[in-house]
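S.K.: With the first letter of the sequence shown counted as 1, position 192 gets the number 192 in this note's numbering; the numbers rise by one all the way through.
Note that beta-carbon positions come from the ideal geometry of N, C-alpha and C, so glycine has one too.
Only a predicted model underlies this, so the values are computations on that prediction, with no experimental measurement involved.
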Amino acid sequence: MDSTFFSILSKKIITSVISVGSIFYSTITGVNASFSSLELSAKGDNIIISATLENCFSPELDQILRSGLEIKINFLAELLDQENQKIVRDTIFYHSLKYSVLEDDYGVFTSENQNYYNQLTLAQSKLILSKIEKFQIIKIENLNQNINYRIKLTAWLDKIEIRSRDEPLNLMFYWKSIKPTGLTTSFSKAEFAQ
């Protein structure tokens with residue numbers, strides 16, 4: 001038989017499983033996604049952050065990752081003036097995953113550095129999806145000498161369109177509808193100026 005036929009059949013089966021499961025939201029146990037190991041450092045004349053989003057995948061979400069639909073985790077990085085809790089700068093970026101039914105592998109795109117990783121296993125894909133590595137927040141020279149700062153990270157999942165559903169599937173349900181956030185310790189320009 002034609003491999004395209006198997007690809008279509010596999011997609012329909014996975015989509016049906018997702019669709020049926022999403023009807024019974026109350027039976028799906030969401031996970032408590034959270035950020036860990038927020039690390040600040042200097043790279044050249046920039047302040048960079050690295051972090052990991054932990055406990056963000058469940059068996060149900062793993063099934064959705066195998067659907068062949070693009071699954072996107074969005075990230076918001078906010079540089080805060082600690083005293084006034086004012087946002088000095090914010091940036092949104094994302095990591096997206098797409099499963100190839102035909103090739104039986106995954107591809108992940110990270111928008112902050114425009115990297116595309118392909119021919120991945122599920123475990124490799126989940127690692128890349130959940131890690132922020134050396135994201136440039138701001139140039140050190142643009143920090144005010146008299147202000148203490150913190151960086152706040154927030155993540156959320158996009159909704160996905162499924163053919164058999166009238167409305168998009170809200171993937172945030174799999175995170176108990178809570179956007180995980182992480183906050184760095186306070187820092188100043190003097191700590192990074194050379």
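In the DSSP output, which residue or residues are listed as bridge partners for N148?
M.R.: DSSP, once it has assigned bridges, lists S188 as partnering N148.
S.K.: Any beta-carbon of chain C closer than 8 Å to the one on E103?
M.R.: In the structure shown, chain C cannot be found, because there is only a single protein chain.
S.K.: Express the C-alpha separation of L53 and K189 in angstroms, rounding to a whole number.
M.R.: Using only the alpha carbons, I get a separation of about 27 Å.
S.K.: Which one or two residues does DSSP pair with S41 in a beta bridge?
M.R.: In DSSP, S41 forms a bridge with I48.
S.K.: If you count every other CB in all the chains shown that lies within 10 Å of the CB of P168, and 16 or more means buried, which is it?
M.R.: Its Cβ having fewer than 16 others within 10 Å, P168 is exposed.
S.K.: Going by the DSSP bridge assignment, what does E54 pair with across the sheet?
M.R.: Beta-bridge pairing links E54 to S34.
S.K.: Of the residues G44, F109, Q114, I71, which one's Cα is nearest the Cα of E141?
M.R.: The residue with the shortest Cα to Cα distance from E141 is G44.
S.K.: Return the CA-CA distance between H95 and T110, expressed in angstroms with no decimal places.
M.R.: Roughly 5 Å separates the two Cα atoms.
S.K.: Closer than 8 Å by C-beta to D90: which residues in its own chain qualify, once you throw out the five before and the five after it? Chain order, please.
M.R.: Counting only Cβ-Cβ distances below 8 Å, and skipping sequence neighbours, we find L76, A77, E78, L79.
S.K.: Hey, out of K134, V108, I147, L122, whose CA is closest to V88's CA?
M.R.: If we check each option's Cα against that of V88, I147 comes out closest.
S.K.: Answer yes or no: do A51 and I132 have a C-beta to C-beta separation smaller than 8 Å?
M.R.: Contact: yes.
S.K.: Start and end of the alpha helix (DSSP H) containing K126?
M.R.: Run containing K126: 122-130, per the alpha helix (DSSP H) assignment.
S.K.: When you measure from the CB of Q114 to every non-hydrogen atom of the ligand NAP, does any distance come out below 7 Å?
M.R.: Here there are no bound small molecules, and the ligand NAP is not part of this structure.
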